[in-house]
Structures are given as structure tokens and as C-alpha cells.
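S.K.:
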Amino acid sequence: MLIQDTVFGDTEITEQVLIDLINSPSIQRLKGISQLGLPQEYFHHPTFSRYEHSIGVMVLLRKLGASLKEQIAGLLHDASHTAFSHVIDWIIGDPAKDNYQDSIFKQFVDSSEIPSILKKYEINSDEIVDHEIFTLLEQDLPLLCADRVDYTLREIVARGDKEQTELVISNLTTSNGHIVLKNQSAAERFSEFYIKLHHDNWAGVESKTRYHLLAEILKKALDCKHITLEDFKKTDEDIINVLLKSNNSEIINGLNQLRNGFSFKESDTEGEILLRKKFRHIDPEIIINDGLKRLSECSEEYKQKLVEEKEKSKKKIYVSLLKN
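First residue of the sequence shown? That's 5 in the numbering used here, and the numbers climb one at a time after it.
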């Protein structure tokens, strides 16, 4: 199977277990789930699917020499994401943690076709769902990991800046089971990407306002029994189609507002909607003289930047929607 990836290029997959998993219903469903929560029609930044991200993580792990089991874990790591990705955390989870899909991951895998596929190749699914043993795939912030590297670079590429990612991609390597960078300039480039996306999107005021508005629409649809929580096991489009046929003016007007865009006013003291920020930062490890150092240890400027970003994240932001 030839994988043609927008970030990492062409990769030939020869292991049948990977091919079977890629073609499985659980992974194919991810083609219908937006990585950034809202489908493109309702979002203001270019988005891509959880499928593209999952394939990318697998390909990156492969390029870094990860074991077959870790490649499998990378491919499957987002399989439990519900429709609209982390918007579910604004409905029944905790937006400050964004971890609903992690909390149901093992249960999802166990109840899917995945264990039977793995069993054909004498692989126990319990080995795959324990992400703590796969240190290239997942690491706590502020370290790099395949998951974090892929979604950051993929969003930059989606915005049309593929050339800007080449410095990072060409300098990714591993050391002691961690993803690290070969030089400081690549670490600085990646960190610039991460901070930019944090401001523009992940903690961006308009992005979080859109999350809030869609969450309110979905809560209304649940209350009116147009949809159930079981429907979130389907795709974004499946639910959107139900909402559009609901004849509920509040729901349809809300979707139109997201589609057509809206104006808003920010305040740090009052407003209709309180947006809480989550401090997300990275501090990549760099190979320096056969050892490893964090970027903040090599760059006083970056060290100070992290301090400033942490302080910014403590501020509450209120948003009021303006009538057009």
C-alpha cells in the first residue's frame, strides 16, 4: 500500500497488519472527523481529518525507526475520537483537560474489530492500548512526541507553509526513546510553529468561541432528542445532516452563524461567554555535543518567552457576540 502524505511524502506500507487496520471501519471512520473539532464549512482555519493525522503519526514513527507495535499504536491512537473531536469535552467532558477520548480509548478498542485483526497476527491488543510504553508516540508536555509533532506540522502545511516545515522534518531524530532535534535552529522553528498555532487556534479566541457555540448547539440537540450520545460514535457529517433536518430554528440559526461568520468583542472583565485558556508549551530537546539540552537551556530568549506565555494563559477572557 502506497501512502501519499502531505507532510512526510510517499511511504510504502508492506505489513499486512497495518494495511488491514488502515482499511478497518474504525480507522476509515476517522476520515469523517475533523482534527480541529469543527468541519471546514464551520471553521475559520484550514482543517484536516483525524484519519490524515493518524496515518501521519504512523508514517513519522516508521521513519524514526519505531517498532511495528509502536507504529500500530500510532495508527490507532485517535480511533476513539468522537464526532467533532474535542468539542465533546465541552459537552460531557472537561475543556481544560481535553481528554474524553483518552478516557474511553481502551473500552472503544476492546469493543471494536481491532482486537480480532491484531489476533490474526498474534498481537495482543492490550499491548497496543498502553501508550505509556510507546515513548516515541506519546510524551507529556513539554517534550516532543510523534502525536504532537504531526498535528503541529500538519496544521502548518494545511495553511500553505509546507516549505517552512522542511527544516524541522529533516532534523528530527531519536535519542534514548525520545524524539529530539539535531540542532537549535530546527528546535526554534518548531517552537515558533507551536506558539503561533497556540495563539491563532488552540487557545485562539475565535476558535474557542466557535467550540463554545457548536457545543451549545449540540447540547440543545441532545436536550431535544434530535441526537443521542451514541450518535457521536459516527462522523461529523452524520450529525450535521440530522441537525439540518431537525426543523429547530435555534439549531439551524446557530449552524448558519458558524458557517457565515460572526463578530465579537473581547474583554478581560465581563461578557456573555467565559473562555478558559489552557497553557500548552513545548521545550524541545536538542542534541548538543553528544548530549541533550532543552531549547530553554540554549536560548534565554525562548526561556523568557515561556514565562510570558504562562502569564498570558492565566488571564480570563470574556467574549460578547455582536449583532451584524
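We put the beta carbon where it would ideally sit given N, CA and C, even for glycine.
For clarity, every value in this text was computed on a predicted model and none was experimentally measured.
In whole angstroms, what separates the C-alpha of ASP242 from that of GLY208?
M.R.: Near 27 angstroms, if we compare the C-alpha coordinates of GLY208 and ASP242.
S.K.: Where do the N-terminal and C-terminal ends of the alpha helix (DSSP H) with LYS238 fall, by residue?
M.R.: Per DSSP, LYS238 belongs to no alpha helix (DSSP H) and is neither H nor E.
S.K.: Ignore the nearest five residues each way along the sequence and tell me which others in HIS49's own chain have a CB closer than 6 angstroms to its CB.
M.R.: Within the same chain, HIS49 has close Cβ partners ASN205.
S.K.: In the DSSP assignment, the alpha helix (DSSP H) including GLN168 goes from what residue to what residue?
M.R.: Looking at the DSSP string, the run of the alpha helix (DSSP H) that includes GLN168 is 166 to 173.
S.K.: DSSP state of LEU72, grouped into three classes?
M.R.: Of the three classes helix, strand and coil, the one that applies to LEU72 here is helix, per DSSP.
S.K.: VAL153: beta carbon under 7 angstroms from a heavy atom of the ligand ZN?
M.R.: Absent from the structure shown: the ligand ZN. Ligands present: none.
S.K.: Roughly how far, in whole angstroms, is the beta-carbon of PHE268 from the beta-carbon of VAL323, given that I think they are within contact range, below 8 angstroms?
M.R.: That belief holds up - the Cβ atoms of PHE268 and VAL323 are roughly 5 angstroms apart, short of 8 angstroms.
S.K.: Three or more C-beta pairs under 8 angstroms: does that hold for the stretch 60 to 68 against the stretch 7 to 21?
M.R.: Yes, since at least three Cβ pairs between the stretch 60 to 68 and the stretch 7 to 21 fall closer than 8 angstroms, the two stretches touch.
S.K.: Between LEU147, ALA162, GLN32 and LYS229, which has its C-alpha nearest LEU79's C-alpha?
M.R.: For LEU79, the nearest C-alpha among the options comes from GLN32.
S.K.: Look up ARG298 in the DSSP assignment and say whether it is helix, strand or coil.
M.R.: It is a strand residue.
S.K.: Beta-carbon within less than 6 angstroms of TYR306's beta-carbon, same chain only, minus the 5 sequence neighbours each way: which residues are those?
M.R.: Closer than 6 angstroms at Cβ, skipping near neighbours: LEU299 and SER300.
S.K.: Does DSSP put TYR125 in a helix, in a strand, or in coil?
M.R.: DSSP places TYR125 in coil when its eight states are reduced to three.
S.K.: Determine the DSSP secondary structure at ILE183, reduced to helix, strand or coil.
M.R.: Residue state, collapsed to three classes: strand.
S.K.: Over the uninterrupted beta strand (DSSP E) stretch that includes THR15, give me the two end residues.
M.R.: Residues 13 to 16.
S.K.: Under the three-state reduction of DSSP, which class applies to PHE197: helix, strand or coil?
M.R.: Of the three classes helix, strand and coil, the one that applies to PHE197 here is helix, per DSSP.
S.K.: Based on the DSSP output, what are the partners of ILE291 in its beta bridges?
M.R.: Answer is LEU296.
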